[in-house]
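Protein sequence lines correspond, in order, to chains A and B.
The opening residue of the first sequence carries number 1 in the working numbering; numbering runs sequentially from there.
The opening residue of the second sequence carries number 1001 in the working numbering; numbering runs sequentially from there.
Heads up, the beta-carbon is just placed ideally off N, CA and C, and yes, glycines get one too.
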Amino acid sequence: MNLPHRHQRGVAVVIGSGSVKCAAALGLVNVLNRAGIAIDMLVGCSAGCLYATMLAAGRSTAEAAEMTRQLWTSTITDQHNRRAWLKAAFPRLFGFDARFGLRDDRLVMERLNAAFGDARIEAMPTPLFLTATDFANGNQAVFSSGRAVDAIRASIAVPFLFSPWPIDGRLYIDGYMSDPLPVGVAMREGAEVIVAMGFDSPYQEHISNAGRFAFQVSAILSNNLLKSQFAFHGLAHHAEIIPIIPEFKQRIRMFDIEKIPYIIEEGERAADAQLPYLSRLLDAQAAVTAGGAA
Amino acid sequence: MEIELSLSGGITVVGIRGSVDGLTADDLMRILSDRVSEGAVRLVADCSALDYTSSAGLRSLLGAVKLARQHGGDLRLAAIQPPVLRVLDLSGFTGILKYYPDVETAVVSFAEPA
């Protein structure tokens, strides 16, 4: 059910990287919906792209949660890409190249296509921006047009796991590599009030194999990048960035889809805590706008 | 947001209650700047009743820290509550500000060699 919007101006919602934890954004959107606060634009990074796209397409939060259960299961990483292993072991013999990924991505592509088909970013009812990272130079890439499936696949191309994804002749990898919480995109697009939901990458409890070692290194880098980028944007933005950081008391692993209700609940709790201020801020802005127009 | 000023061992203690955000950050910055202009360059922000800070609040805190340091003093934080500490940590502020578990320790820290 769509409630009438209580506030004239809405907010930009930025959903950072965080695998299944990004479902907390559905809790945030539930809170905004209940308060009658419109979403003017959505920005997504990595798994946050899935939710940003579902919401921008007009899916309800319940539908989005159900889609996640269908899409984001551990089976998407079950299939090894045998040729990639051979390329890693014998690079000259098997022709190692930039499209390296140790997991077969056919299942994830099948599911993304089933979920989003040929939907295009520029045709979404709510303006949508999806971020990835240019594999050639590390620059952030922002997709505001084109096939949503391509941008999502690019943005979830976790290094070593899924191969970089080609779009218009360039290769892209996971958006978290350039900015795990891309509030800068919302700033650039003119957002005045940015509600940013970000997540720390979990550190490994035990470093028992090379994969866990790689994830630990990646978590250290991405958590430090998250801090530095967020600090820069917070100080650079003239208006307001409201960070919403859910606190998960349970450990959430990459594919813990059975914990989605709990994740959404924590997202709601974190958003509820900031709602009184957000409402006051939007009311104050509306008063300034009305005063200026009078 | 409510501000309460007091003196403890020659240090100005600024008790901040409520939320430092886009609606209140300018007030905080003005109050802190006034104190620094009056020569009170060694300040402790008592954050025990501070329950939220947004990006605007962070900018004002950072501005106050820079101003105090430019005048040979410092603004140090005390008794930061976990939700605020998470935002400060996420924003990298815990790496550039000095913070202490309580006001007394923060006040005493000014007596220690820098």
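Interface residues of chain B facing residue i [CB-CB closer than 9 Å]
i      : result
L235/A : S1055, L1058, R1059, L1062, S1091
Y277/A : S1019, D1021, G1022, L1023, Y1052, S1054
Residue i classed as buried or exposed, judged by whether at least 16 other C-beta atoms fall within 10 angstroms
i       : result
K285/A  : Going by the sequence as given, residue 285/A is Gln instead of Lys. Answer is buried; the Cβ neighbour count reaches 16.
K1066/B : exposed
L181/A  : buried
F295/A  : With chain A running from 1 to 294 in the structure shown, residue 295/A is simply not present.
W72/A   : buried
S201/A  : buried
A12/A   : buried
N2/A    : Caution applies to N2/A, whose pLDDT of 43 falls short of 50 and renders its modelled position unreliable; the value that the coordinates give is listed next. By the 10 Å Cβ count, N2/A comes out exposed.
N81/A   : buried
P4/A    : Only weak support exists for where P4/A lies, its pLDDT of 46 falling under 50; the coordinates are left without a value.
A196/A  : buried
F1093/B : buried
T75/A   : exposed
V288/A  : exposed
I1096/B : exposed
R83/A   : exposed
D313/A  : Residue 313/A cannot be examined here, being either before or after the span of chain A that is shown, 1 to 294.
D150/A  : buried
Within 8 Å, strictly: CB atoms of residue i and residue j
i       : j       : result
R1035/B : L1043/B : yes
A25/A   : Y51/A   : yes
I173/A  : P164/A  : yes
S46/A   : Y176/A  : yes
V1020/B : S1060/B : yes
A56/A   : T126/A  : yes
Y1099/B : A1078/B : yes
R1076/B : A1106/B : yes
A271/A  : G27/A   : yes
For residue i: DSSP bridge partner residues
i       : result
P166/A  : L171/A
V20/A   : Bridge partners of V20/A: none, in fact.
D1046/B : G1015/B, A1078/B
M197/A  : I15/A, I244/A
F129/A  : V43/A
A286/A  : DSSP, once it has assigned bridges, lists no residue as partnering A286/A.
Y1100/B : A1078/B
D134/A  : Y172/A
I1003/B : I1016/B
T1053/B : V1020/B
V142/A  : T131/A
R69/A   : Paired residues: none, contrary to the question.
G1008/B : Rather than Gly, the amino acid found at residue 1008/B in this sequence is Ser. Bridge partners of S1008/B: I1011/B.
H80/A   : R103/A
Cross-chain neighbours of residue i in chain A, by beta carbon under 8 Å
i       : result
V1103/B : Simply none; closest approach about 25 Å.
V1087/B : P243, I245
Amino acids of chain B, ordered along the chain, whose beta-carbon sits closer than 8 Å to that of residue i
i      : result
R92/A  : Here the premise fails: no neighbours, minimum Cβ distance about 44 Å.
F248/A : The contacting residues do not exist; F248/A stays about 12 Å from chain B at best.
R280/A : L1023
K227/A : D1089, L1090, S1091, G1092
E240/A : D1021, G1022, S1054, S1055, A1056
Contact list for residue i against chain B, beta-carbon separation under 7 Å
i      : result
F230/A : L1090, S1091
A284/A : L1023
- Message: Taking contact to mean 3 or more Cβ pairs, one atom from each stretch, closer than 8 Å, check whether the region 1044–1055 of chain B and the region 1073–1087 of chain B are in contact.
- Response: By the C-beta criterion, the region 1044–1055 of chain B is judged to be in contact with the region 1073–1087 of chain B, since at least 3 inter-stretch pairs fall below 8 Å.
- Message: Using a Cβ distance threshold of 8 Å, determine whether the region 111–118 of chain A contacts the region 132–146 of chain A, with at least three qualifying pairs required.
- Response: Judged by Cβ distances under 8 Å, the region 111–118 of chain A makes no contact with the region 132–146 of chain A, as fewer than three pairs qualify.
- Message: Under 8 Å, with one C-beta from each stretch per pair, do the region 33–51 of chain A and the region 210–229 of chain A reach the 3-pair mark?
- Response: Under the Cβ criterion (8 Å, minimum of three pairs), the region 33–51 of chain A does not count as touching the region 210–229 of chain A.
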